[in-house]
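Here the sequence shown is numbered in our numbering, starting from 23 and rising by one per residue.
Glycine included, every Cβ here is placed at the ideal spot set by N, Cα and C.
Written below as structure tokens is the structure these notes are about.
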Amino acid sequence: MVNIDILKKRGGMAVIVASVIPEKDYENQIKLISKKLDDFHFIPEFRMDLWTNNQKDSIEKYMKIVDDYSLPNIFTFRTEELSIADEIYKIPLNHENSILDIDISIISRNSINYPQNRTILSSHFSNPLEFRNRFEKLAKYGKVAIKLASTFDSENILDILWYVKHTDGERILSIVPQGNENQSLRIVSALTVSDFIYSSFDKPVIAGQYSMELLFKILEMIY
């Protein structure tokens, strides 16, 4: 069974996560991901919320093929609707190769008992003070992995990275600067506090993402 330990930085180099938007021809897409894993070390993140065909039946078929290829993966479905989140996240619970990426606003309101060793707790911030307050309260959620995305200016992001580096050393963590103007700070985050760092597999999911292949080459050259 896959667990969040596969996201833990080893030898100094952050684990690369490649965000994937599922396509209509998803069997060939999954096959391509499997082939890429022969050349690059990364973990695919399936952004099911961004798939145009993200109904429950389609997602179940997609994940069945992912299992057929034995792909360790991160399953993400962003929604504000608690009932939808509860229904959709039951799917990866039954797939032992899947880690669940769940927004803190959802996990704090629902009744599903998510396995801590297969859960990434996510939150997004645009205010540095809010970031610090939330970061200090995350311990109550147990030994889950933590992903915190920020849209601050570069000076505040560097301040946050410095703060985290001097206050945390045990949790599996990813600090993700967002926006094209903060793209280079993803490298800084990967080199300092982040165990795992996000990239795009083919199509960018959000501004500021490096492609998986480019990020891999940058980090490999550094290490």
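Sheet register partners of Met-35 (DSSP bridge): By one-based count along the sequence shown, residue 35 stands at place 13. Paired residue(s): Arg-32.
Per-residue DSSP class, three states only, for Tyr-48: Taking the first residue of the sequence shown as 1, we reach residue 48 at position 26. Three-state DSSP puts Tyr-48 in a helix.
Which residues in the same chain as Glu-242 place their Cβ atom closer than 8 Å to its Cβ, once the five residues preceding and following it in sequence are excluded? Reading the sequence shown from its first residue, position 220 is the one you call residue 242. Closer than 8 Å at the Cβ level, and outside the excluded window around Glu-242, lie Met-35.
Report the residue from Asp-175, Trp-184, Thr-189, Ile-65 whose alpha carbon sits nearest the alpha carbon of Ser-92. Your numbering for residue 92 matches position 70 in the sequence shown. Of the listed residues, the one whose Cα sits closest to Ser-92 is Ile-65.
Identify which residue in Asp-175, Leu-170, Ser-176, Phe-174 has its Cα closest to the Cα of Val-186. Here residue 186 refers to the residue found at position 164 of the sequence shown. Selected option, being the one with the closest Cα: Leu-170.
Under DSSP, the beta strand (DSSP E) around Arg-208 begins and ends at which residues? Locating residue 208 in the sequence shown gives position 186, where the first residue counts as 1. From DSSP, Arg-208 is part of no beta strand (DSSP E) but of the alpha helix (DSSP H) over 205 to 213.
How would you label Ser-105, buried or exposed, when you count the other beta carbons within 10 angstroms and need 16 or more for buried? Walking along the sequence shown from the start, residue 105 turns up at place 83. It is exposed - the Cβ of Ser-105 has fewer than 16 other Cβ atoms within 10 Å.
Taking the beta carbon of His-63 as the centre, do at least 16 other beta carbons fall within 10 Å, making it buried, or is it exposed? The residue given as residue 63 occupies position 41 in the sequence shown. Classification for His-63: exposed.
Sequence-distant residues of the same chain with beta carbon closer than 7 Å to Val-210, five excluded per side: Here residue 210 is taken as the residue at index 188 of the sequence shown, counted from 1. Taken in chain order, the residues that qualify are Leu-183.
Does the distance from the CB of Ile-129 to the CB of Leu-143 come in under 9 Å? Against the sequence shown, residue 129 aligns to sequence position 107. Against the sequence shown, residue 143 aligns to sequence position 121. Against a cut-off of 9 Å, the Cβ pair of Leu-143 and Ile-129 comes out as a contact.
Do you know how far the Cα of Gln-205 is from the Cα of Pro-44? Taking the first residue of the sequence shown as 1, we reach residue 44 at position 22. Taking the first residue of the sequence shown as 1, we reach residue 205 at position 183. C-alpha separation (whole angstroms): 24 Å.
What is the C-beta distance between Ser-221 and Ile-52, in whole angstroms, given that I count them as a contact (C-beta under 8 Å)? Walking along the sequence shown from the start, residue 221 turns up at place 199. Walking along the sequence shown from the start, residue 52 turns up at place 30. About 18 Å; that fails the 8 Å criterion.
Our contact map puts Asn-132 next to Ala-107 with C-beta atoms below 8 Å; I'd like the distance itself, whole angstroms only. Here residue 132 refers to the residue found at position 110 when the sequence shown is read from its first residue. Here residue 107 refers to the residue found at position 85 when the sequence shown is read from its first residue. Contact flag correct, Cβ pair sits at about 7 Å.
Since Val-198 is in the beta strand (DSSP E), which residue starts that stretch and which ends it? To locate residue 198, count along the sequence shown from 1; it is residue 176. Start and end: 195 to 199.
Helix, strand or coil for Leu-59, going by three-state DSSP, please let me know. The count along the sequence shown starts at 1 and reaches residue 59 at position 37. If DSSP states are grouped into helix, strand and coil, Leu-59 belongs with coil.
Between Asn-149 and Asp-27, is the Cβ-Cβ spacing less than 9 Å? The residue you call residue 149 lines up with position 127 of the sequence shown. The residue you call residue 27 lines up with position 5 of the sequence shown. No, Cβ-Cβ distance for Asn-149 and Asp-27 is not below 9 Å.
Which listed residue (Gly-230, Leu-72, Asn-202, Ile-87) has its alpha carbon closest to that of Leu-54: The residue given as residue 54 occupies position 32 in the sequence shown. The option with the nearest alpha carbon to Leu-54 is Ile-87.
Residue nearest to Ile-126 in terms of C-alpha spacing, selected from Asn-119, Ser-80, Gly-164: Taking the first residue of the sequence shown as position 1, residue 126 is located at position 104. Measuring from the Cα of Ile-126, the nearest candidate turns out to be Gly-164.
Which runs of the beta strand (DSSP E) at least 3 residues long sit entirely within the region 85 to 137? Give them in chain order. 95 to 98, 120 to 125
Can you list, in chain order, the residues of its chain whose CB lies under 6 Å from that of Lys-30, leaving out five sequence neighbours each side? Counting from one through the sequence shown, the residue named residue 30 turns up at place 8. Counting only Cβ-Cβ distances below 6 Å, and skipping sequence neighbours, we find Ile-194, Asp-217.
Got a sec, what are the start and stop residues for the beta strand (DSSP E) Leu-241 sits in? If you number the sequence shown from 1, residue 241 lands on position 219. Leu-241 -> not in any beta strand (DSSP E); alpha helix (DSSP H) instead, spanning 234 to 244.
Looking at Leu-122: is its Cβ nearer than 9 Å to the Cβ of Thr-141? Here residue 122 refers to the residue found at position 100 when the sequence shown is read from its first residue. Here residue 141 refers to the residue found at position 119 when the sequence shown is read from its first residue. Yes, they are a contact pair.
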